[in-house]
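In our numbering, the protein residues as written are 763 to 826.
Glycine included, every Cβ here is placed at the ideal spot set by N, Cα and C.
Written below as structure tokens is the structure these notes are about.
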Amino acid sequence: MSDSVEPGNIVSTFVVNDIVTARQSLTEKGVSVGPITDVGHGVQLSTFKDIDGNLLGIRQNPQS
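Structure representation (structure tokens):
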């Protein structure tokens, strides 16, 4: 499994209101979380792996 999100890959994401705070909370719990990336149209994404090695993400949609 790739460590990055590529076109055509499926990654389950959790939508959050504040990606910076959510990422910090995961990091404080010992989760290795990737950097926050702008993936276009104002959407920000950060990925991490669960204990089974599945790639997951946290996503912040643009504020309306």
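Under 8 angstroms between the Cβ atoms of residue i and residue j?
i           : j           : result
residue 796 : residue 808 : yes
residue 813 : residue 785 : no
residue 778 : residue 825 : no
residue 818 : residue 782 : no
residue 787 : residue 810 : no
State the beta-bridge partners of residue i as determined by DSSP.
i           : result
residue 807 : 799, 821
residue 775 : 819
Using three-state DSSP, classify residue i as helix, strand or coil.
i           : result
residue 790 : helix
residue 781 : helix
In chain order, what residues of the same chain lie with their CB nearer than 6 angstroms to the CB of residue i, ignoring the 5 residues before and after it?
i           : result
residue 806 : 781, 798, 800, 822
residue 776 : 820
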